[in-house]
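Novice:
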Amino acid sequence: MAAITNTFFAIASAGSNIVSSPHLFGNTFSFFRSTLVAFGVEVRFVDTDDPAQITDAIDENTCAFFAELVTNPHLEVADLPAISKILREKGVPMIVDTTLIPWCVFDAKACGVDIEVVSTTKYISGGATSTGGVIVDYGTFDWMCNKRLATMPQPPSGVSRFTHKLRSEIVRNLGTVMTPDTAAMQTLGLETLQVRYERMSATAHELARHFSSHPKVVRAGYPGLETSPYKAVSDALFTGNPGAMFTLDLASKADCFRFMDALRVFRRATNLFDNKSLVIHPESTIYATFTPEMKRTAGIEETLVRFSVGLEAAEDLKNDIERALDAV
Ligand SMILES: Cc1ncc(COP(=O)(O)O)c(C=O)c1O
0 MAAITNTFFA IASAGSNIVS SPHLFGNTFS FFRSTLVAFG VEVRFVDTDD PAQITDAIDE
60 NTCAFFAELV TNPHLEVADL PAISKILREK GVPMIVDTTL IPWCVFDAKA CGVDIEVVST
120 TKYISGGATS TGGVIVDYGT FDWMCNKRLA TMPQPPSGVS RFTHKLRSEI VRNLGTVMTP
180 DTAAMQTLGL ETLQVRYERM SATAHELARH FSSHPKVVRA GYPGLETSPY KAVSDALFTG
240 NPGAMFTLDL ASKADCFRFM DALRVFRRAT NLFDNKSLVI HPESTIYATF TPEMKRTAGI
300 EETLVRFSVG LEAAEDLKND IERALDAV
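The opening residue of the sequence shown carries number 0 in numbering that gives the first Met the number 0; numbering runs sequentially from there.
#1: Where do the N-terminal and C-terminal ends of the beta strand (DSSP E) with Thr246 fall, by residue?
#2: Measuring alpha carbon to alpha carbon, tell me which residue in Ala11, Pro92 and Thr246 is nearest Pro72.
#3: Less than 8 Å separating the beta-carbons of Phe30 and Ile3?
#4: May I ask whether a heavy atom of ligand 1 can be found less than 7 Å away from the beta carbon of Leu271?
#5: Report whether the distance from the Cβ of Thr98 to the nearest heavy atom of ligand 1 is below 7 Å.
#6: For the structure I just gave you, are there three or more beta carbon pairs, one from the stretch 19-35 and one from the stretch 289-304, closer than 8 Å?
#7: Taking only heavy atoms of ligand 1 into account, decide whether any of them is closer than 7 Å to the Cβ of Asn5.
#8: Within 10 Å of its beta-carbon, does Thr238 have 16 or more other beta-carbons around it, so buried, or fewer, so exposed?
#9: Measuring CB to CB, does Leu68 end up less than 8 Å from Val42?
#10: Determine the DSSP secondary structure at Arg147, reduced to helix, strand or coil.
#11: Kindly indicate the opening and closing residues of the beta strand (DSSP E) around Thr5.
#12: If you draw a straight line from the C-alpha of Thr178 to the C-alpha of His213, how long is it?
#13: Among Glu59, Gly39, Phe24 and Val18, whose alpha-carbon lies nearest the alpha-carbon of Thr47?
#14: Pick out whichever of Val40, Ile169 and Thr70 has its Cα sitting closest to the Cα of Glu9.
#15: Would you say the beta carbon of Gly132 is closer than 7 Å to some non-hydrogen atom of ligand 1?
#16: Alpha helix (DSSP H) containing Thr27: first to last residue?
#17: Compare the Cα-Cα distances from Leu23 to each of Met259, Cys110, Leu74 and Ala261 and report the closest residue.
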């Protein structure tokens, strides 16, 4: 969250607006709806699958477009190359949270992303050793082309206006600095990222495919499934490896709780992409403080169970879910 808040404290100012999908991680939604609004920054929620909505929402006070590459927990995939064309024309930087798909299978710069934010708590740390985040400035945006951003101070040569402001002002003033011991732990995680990711993603795909036809499952969510409306864009952007998160919708909230109580291998936790498999009921946890209207806007359903697949044997995870579904 520090990566996200620092980015927007560097870019946004009173009277400016941000165009974003409403389908966001809970704290990002809350940061936009509550924190930034108190500083006079407007957030305009649009359906990012509809290019016309993005075009119409942008005006002369738009300082950024924001989306999650794959939304958590809806698992929608943003068609970034298509959105990038609109933003280039309008002079608006594209800021994308790529936490759900790591660098080994996704090239953000090639898709037109100007600023990438990542929660390194997840895939990068590996094993949930530490919390952290990074901001990647690809140096692709001309900050002088947007009147809301051109006031950022002149940087030394070789550094963008955004990164200069971030380093010399925002990070220091807000005090959000990664400690050296956290950086060391996360560097260790980085060394095994690709191997862990490939295995976790393959297991998640197998489980989502297997349980999509289970009689007690109303719907399985995973971008790699033939039934996903995001399969084509996911195949194009992620070289066939769309991540370790999948979801199952059951018939009711009570069924979700019965099911989760019966799981033995999946552990109940809010983190993602730990080496251990995790499960959560987002509506009653991450989004518990949201009003019904906020849940509707954020697209949060009470029948959805979210899984983060770890490194255990696929067969053990399959048996665990199978047995827990029997308890419903
Ligand atoms: C997509 C996404 N972005 C940001 C965050 C925030 O990450 P952190 O808990 O490391 O601040 C999360 C956490 O789950 C997330 O899923």
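Every residue, glycine too, gets a C-beta built ideally from N, C-alpha and C.
Specialist: For this structure:
#1: Along the sequence shown, one-based indexing puts residue 246 at 247. Met244 to Asp248 is the span of the beta strand (DSSP E), which, as asked, contains Thr246.
#2: Here residue 72 is taken as the residue at index 73 of the sequence shown, counted from 1. Selected option, being the one with the closest Cα: Thr246.
#3: Here residue 30 refers to the residue found at position 31 when the sequence shown is read from its first residue. Here residue 3 refers to the residue found at position 4 when the sequence shown is read from its first residue. The answer is yes: Cβ separation under 8 Å.
#4: In the sequence shown, residue 271 corresponds to position 272, counting from 1. Yes, the Cβ of Leu271 comes within 7 Å of a heavy atom of ligand 1.
#5: Counting from 1 along the sequence shown, the entry for residue 98 is found at position 99. It does: the Cβ of Thr98 is within 7 Å (strictly closer) of some heavy atom of ligand 1.
#6: yes
#7: Numbered from its first residue, the sequence shown carries residue 5 at position 6. Every heavy atom of ligand 1 is 7 Å or more from the Cβ of Asn5, so no.
#8: As a first step, residue 238 must be located in the sequence shown, where it is residue number 239. Per the 10 Å Cβ criterion, exposed.
#9: On the sequence shown, residue 68 is found 69 positions in, with the first residue counted as 1. On the sequence shown, residue 42 is found 43 positions in, with the first residue counted as 1. No, Cβ-Cβ distance for Leu68 and Val42 is not below 8 Å.
#10: In the sequence shown, the residue the question calls residue 147 occupies position 148. Coil.
#11: For the purposes of this step, residue 5 is taken as residue 6 along the sequence shown, with counting starting at 1. Position check: residue 5 holds Asn in this sequence, whereas Thr was assumed. No beta strand (DSSP E) contains Asn5, which is instead part of the alpha helix (DSSP H) from Ala1 to Ile10.
#12: Indexing the sequence shown from 1 puts residue 178 at position 179. Indexing the sequence shown from 1 puts residue 213 at position 214. Going from the Cα of Thr178 to the Cα of His213 covers about 46 Å.
#13: Here residue 47 is taken as the residue at index 48 of the sequence shown, counted from 1. Of Glu59, Gly39, Phe24 and Val18, the residue nearest in Cα terms is Val18.
#14: Locating residue 9 in the sequence shown gives position 10, counting from the first residue. Looking at the sequence provided, one finds Ala at residue 9 rather than Glu. Checked all of Val40, Ile169 and Thr70; the closest Cα to Ala9 is Ile169.
#15: On the sequence shown, residue 132 is found 133 positions in, with the first residue counted as 1. Checking every heavy atom of ligand 1 against the Cβ of Gly132, one is found closer than 7 Å.
#16: Counting from 1 along the sequence shown, the entry for residue 27 is found at position 28. Counting along the chain, the alpha helix (DSSP H) containing Thr27 begins and ends at Gly25 to Ser29.
#17: Reading the sequence shown from its first residue, position 24 is the one you call residue 23. Out of Met259, Cys110, Leu74 and Ala261, Leu74 has the C-alpha closest to the C-alpha of Leu23.
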